[in-house]
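In what follows, a single structure is set out as structure tokens and then discussed.
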Amino acid sequence: MMAATFVDMRRIWGVTRRRDPATVKFMTGLSLLLTVAIPIVGGLFLWRQHTLPVVLLLRILLGIGAFWLAVVWVWLFVPGAVLMNSAANARLLPRQRRRLVQMAIAGWLLVTLAAAVAIGEWGAFPMVGLYVLGFALMRAGHLQAVALTVLPGFWPALAKYVLPAPFVAAITHGTGLLMLSALLLVAVAWSLARLFPAAGDRHLRRRSEQVVRLSRLDAGGWGTVGETDSVMTAPGLRAYRAILRRDCRAPRADAMLMHALGPNAHWSAWIAAILLVAGLNLFAYLVVLVRGADAVHSFIEGFSWGGLSGLALMIAFSTASIRQQMDRKRGEQALLLLTPLAGDRALLNRRLGTRMLQNALLQWAAITAGVLATGALFGDAGLMLRQLALCCLGGQVALACLFGDFSRTPKLGIVRAVLLGALALFELGVAAGLGWLCGALLPWMWPWLIAISVIAGALQVRHGWRVLMAAPVAFPAGRLA
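Per the numbering used here, numbering through the sequence shown is continuous, rising by one, with the last residue being 517.
Here is the structure:
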């Protein structure tokens with residue numbers, strides 16, 4: 037019985053893995069890159085403190101493994117399993133639905149347990165589990181599950197400043213934690229089982245709705261954009277439509293070149309991230325009125341490492357959408373070349389490169405301004421300097437991804453993405469070393485990181501611009517590959 041179960045699960049995993057091997061390769065390369073940093077961290081501890089934190093290094097390694105498993109499980113397995121749950125496949129493998137539910141629940145449990153152990157706090161199990169469940173349901177097409185990812189993010193602030201202390205202590209320790217974890221397990225089993233309906237005609241109707249939702253969200257790879265451009269938020273789409281109408285009334289060749297890449301390549305796609313930062317500022321002001329500035333300062337200081345730093349490093353992925361759209365929108369590019377709106381073909385690369393650079397710098401400036409405004413609320417120069425340094429590092433990686441010979445290689449490529457990640461880690465290490473030589477690691481590390489990022493970014497833009505100018509006409513992308 038057990039052998040048959042493992043055989044069924046291996047077949048199912050083989051099908052879902054082949055659905056997008058590029059994502060598995062990317063995540064494997066990224067995990068290997070992060071794992072390389074473990075001996076570096078151990079060496080720094082051994083050098084500075086003359087001790088080797090074996091437990092900490094093992095927790096970091098486990099955290100990397102949990103991150104890899106979470107992305108692969110959420111991005112590949114869950115949507116692939118939902119699509120596999122069809123009447124035809126059920127005929128081929130009668131036990132399929134039961135195995136899919138078992139693998140979904142087992143994957144969630146494994147990811148959550150590994151993440152909780154890596155954090156080193158069993159009280160984090162319910163919040164981590166809720167977060168992972170929310171992302172899985174969103175990836176399966178249930179966008180309303182975003183609410184499940186919001187609560188864990190604000191749990192530290194809620195537990196410290198909003199909820200009664202006895203209540204927080206009761207549900208994060210002992211019997212209360214066990215009861216909360218048990219309720220979460222029941223909710224997860226029910227939610228994941230609902231993803232795989234089995235009810236005749238009702239099943240077919242529900243599955244057709246799932247397939248439509250998945251087709252809108254399915255990007256064919258982690259960190260890419262969808263085929264239908266429907267993943268943009270409503271504010272972003274409204275802004276893009278207004279800009280498109282304006283550009284169509286007074287058509288300019290350089291502006292229309294960017295519209296050939298679709299709305300996801302436009303700066304308006306980042307309006308949601310900017311609104312998130314603005315909402316955080318508003319929330320902070322409201323808490324100031326209720327709890328006082330000290331409480332908000334403590335909240336922002338803790339949130340900055342995960343939330344604000346995450347937004348800063350999101351800049352690094354801002355140009356990845358442009359490269360993906362460059363590959364996906366070949367038909368639109370070819371149609372544009374048939375119209376007078378394309379302008380002189382001899383100037384197409386120069387006009388396109390100028391607009392792409394302007395678009396990338398505008399995205400960087402908007403997100404960086406929002407991040408720095410949050411730090412400026414409390415007059416913390418150290419916090420603002422750190423966030424500016426991370427924004428500069430993210431912007432440097434984004435600009436390094438921007439240009440290239442689009443007629444041959446429109447996609448960024450996994451190898452290049454991993455190399456850029458390695459370069460960013462190397463720059464962090466160099467900045468830390470220079471800060472230590474200046475007498476204090478953290479205060480001096482961030483100015484050095486800003487200088488290194490700006491210089492490296494300028495050199496990479498200069499090199500990429502030369503490659504683009506020497507390349508054949510960019511549109512349609514990939515025609516010479």
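All C-beta atoms, glycine included, are put in the ideal place defined by N, C-alpha and C.
Where residue i falls, given that 16 or more other Cβ within 10 Å makes a residue buried
| i | result |
| --- | --- |
| residue 299 | buried |
| residue 526 | Outside the displayed span of the chain (37 to 517) sits residue 526, for which this structure offers no information. |
| residue 380 | exposed |
| residue 437 | buried |
| residue 211 | exposed |
| residue 504 | buried |
| residue 76 | exposed |
| residue 491 | exposed |
| residue 282 | exposed |
| residue 86 | exposed |
| residue 208 | buried |
| residue 83 | exposed |
| residue 261 | The predicted model places residue 261 with a pLDDT of 36, which falls under 50 and marks its position as unreliable; any figure quoted below should be read in that light. Classification of residue 261: buried, given that the 10 Å Cβ count is 16 or more. |
| residue 278 | exposed |
| residue 400 | buried |
| residue 442 | buried |
| residue 177 | buried |
| residue 264 | For residue 264, the predicted model reports a pLDDT of 42, less than 50, meaning its position is unreliable and no value from the coordinates is stated. |
| residue 266 | Annotation note: pLDDT 43 at residue 266 (below 50); position unreliable, coordinate value reported separately. So residue 266 ends up on the exposed side. |
| residue 356 | buried |
| residue 91 | exposed |
| residue 222 | exposed |
| residue 396 | buried |
| residue 476 | exposed |
| residue 465 | exposed |
7 Å Cβ cutoff met for residue i and residue j
| i | j | result |
| --- | --- | --- |
| residue 387 | residue 289 | yes |
| residue 428 | residue 489 | yes |
| residue 169 | residue 232 | no |
| residue 303 | residue 398 | yes |
| residue 104 | residue 63 | yes |
| residue 362 | residue 479 | no |
| residue 493 | residue 421 | no |
| residue 217 | residue 171 | no |
| residue 175 | residue 114 | yes |
| residue 425 | residue 486 | yes |
| residue 165 | residue 220 | yes |
| residue 500 | residue 439 | yes |
| residue 452 | residue 517 | no |
| residue 352 | residue 430 | yes |
| residue 133 | residue 121 | yes |
| residue 102 | residue 40 | no |
| residue 191 | residue 215 | no |
| residue 183 | residue 173 | no |
| residue 391 | residue 294 | yes |
| residue 74 | residue 48 | no |
Inter-residue CB distance, residue i and residue j (contact presumed, cutoff 8 Å)
| i | j | result |
| --- | --- | --- |
| residue 147 | residue 109 | 6 Å |
| residue 141 | residue 224 | 7 Å |
| residue 69 | residue 433 | The pair is not a contact, with the Cβ atoms about 13 Å apart (cut-off 8 Å). |
| residue 377 | residue 292 | 4 Å |
| residue 402 | residue 306 | 7 Å |
| residue 384 | residue 510 | 6 Å |
| residue 213 | residue 144 | Not confirmed; about 18 Å, so no contact. |
| residue 458 | residue 484 | Their Cβ separation, rounded to whole angstroms, is 19 Å, which puts residue 458 and residue 484 out of contact at 8 Å. |
| residue 370 | residue 512 | 5 Å |
| residue 60 | residue 98 | The pair is not a contact, with the Cβ atoms about 20 Å apart (cut-off 8 Å). |
| residue 94 | residue 78 | No, residue 94 and residue 78 are not in contact; Cβ-Cβ is about 11 Å, not under 8 Å. |
| residue 374 | residue 296 | So it is not a contact: roughly 12 Å between Cβ atoms. |
| residue 358 | residue 417 | Not really, about 34 Å apart at Cβ, beyond 8 Å. |
| residue 195 | residue 204 | 5 Å |
Within the stretch 92-172, note down every full beta strand (DSSP E) run reaching 3 residues or more, in order along the chain.
none
Runs of 3 residues minimum, wholly inside the stretch 53-79: which ones carry the beta strand (DSSP E) assignment?
none
Can you give, in chain order, each stretch of the beta strand (DSSP E) that sits fully within the stretch 475-513 and has at least 3 residues?
none
Which runs of the alpha helix (DSSP H), 4 residues or longer, sit entirely within the stretch 176-220?
182-193, 201-208
Which runs of the alpha helix (DSSP H) at least 4 residues long sit entirely within the stretch 399-467? Give them in chain order.
417-436
Sequence ranges, alpha helix (DSSP H) only - wholly within the stretch 353-401, length at least 4
356-364, 366-373
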